[in-house]
Amino acid sequence: MHTITLQPIDWLNLFLYYLSLSLLAVGGAISLAPDMQRYLVERNGWLTDVQFSASIAIAQAAPGPNVLFIALLGWNVGLNAGGAGIGGWALGLLGAALCMLGTMLPSATLTWLATRWAQRNSERRAVRAFKQGMAPIVIGLVMATAWVLGRAQGHIATDWALWLLTLVVALLVWRTRLHLLWLLGAGALLGALGWV
1 MHTITLQPID
11 WLNLFLYYLS
21 LSLLAVGGAI
31 SLAPDMQRYL
41 VERNGWLTDV
51 QFSASIAIAQ
61 AAPGPNVLFI
71 ALLGWNVGLN
81 AGGAGIGGWA
91 LGLLGAALCM
101 LGTMLPSATL
111 TWLATRWAQR
121 NSERRAVRAF
131 KQGMAPIVIG
141 LVMATAWVLG
151 RAQGHIATDW
161 ALWLLTLVVA
171 LLVWRTRLHL
181 LWLLGAGALL
191 GALGWV
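Mapping of the sequence shown onto full-length UniProt numbering: residues 1 to 196, in sequence order.
This is the structure in structure tokens:
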């Protein structure tokens, strides 16, 4: 376990960070992973790279909304601050709650207001242009997330098979109508065989 000490101001800063980051989640919460990694791992040292990547992997593998990885990141920050036992669990719950509230509150409010406005004005040129303009931004944010997660697992030169598989899957998703579960199954099989 990675042991850290958090003061009350650190908990407030964690909440305010997620509060401010929330409005940038135009590609979904996972598109914010690179910035979260900088804040939680590189800047503050509250999580290790392995803890960060594992939190995302576990949350993405579990059923439910993709945003659950944010709660798991907060949980792990709390566990690192509280140690083993009841104290760790209590601070883990606090971390998960602060991160989720900070993430959900602004974006949910803005989404509700913007959706109501866009539905009433769907034929306006500006609304259509906004939707078309956001597509490349979302793609770029998701690609940055893939880069951060892949980089944490190894180096391109030594893990070339993983990077090649990632490129092939991206091209298959882009150019075919192959169901994602088939690609996920193929990747799991290659991993189980030790090829990636």
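Positions of the beta carbon are idealized from the N, C-alpha and C atoms, including for glycine.
| query | Gly28 by DSSP, collapsed to three states: which one? | reply | Translated into the one-based positions of the sequence shown, residue 28 becomes position 28. Three-state DSSP puts Gly28 in a strand.
| Between the Cα of Leu162 and the Cα atoms of Ala90, Thr48 and Trp147, which residue gives the shortest distance? | For this step, residue 162 is matched to residue 162 along the sequence shown. When only C-alpha atoms are compared, the closest one is Trp147.
| What do you get for Ser55, buried or exposed, if any count of 16 or more other CB atoms within 10 angstroms of its CB means buried? | Locating residue 55 in the sequence shown gives position 55, counting from the first residue. Buried, since its Cβ has 16 or more Cβ neighbours within 10 Å.
| Where does the unbroken alpha helix (DSSP H) through Thr166 begin, and where does it stop? | For the purposes of this step, residue 166 is taken as the residue at position 166 of the sequence shown. Where Thr166 is concerned, the enclosing alpha helix (DSSP H) stretches over Trp160 to Arg175.
| Burial state of Leu72 (16 or more Cβ within 10 Å) | As a working note, residue 72 is residue 72 in the sequence shown. Per the 10 Å Cβ criterion, buried.
| 7 Å CB neighbourhood of Asn66 in its chain, flanking five on each side removed | On the sequence shown, residue 66 is found 66 positions in, with the first residue counted as 1. Gly28, Ala29, Ile30 and Gln60.
| field | Range covered by the alpha helix (DSSP H) that runs through Met104 | value | In the sequence shown, residue 104 corresponds to position 104, counting from 1. That run of the alpha helix (DSSP H) goes Ile86 to Arg120.
| Exposed or buried, what is Leu68 when buried is set at 16 or more other beta-carbons lying within 10 Å of its beta-carbon? | The count along the sequence shown starts at 1 and reaches residue 68 at position 68. When all chains shown are included, Leu68 counts as buried.
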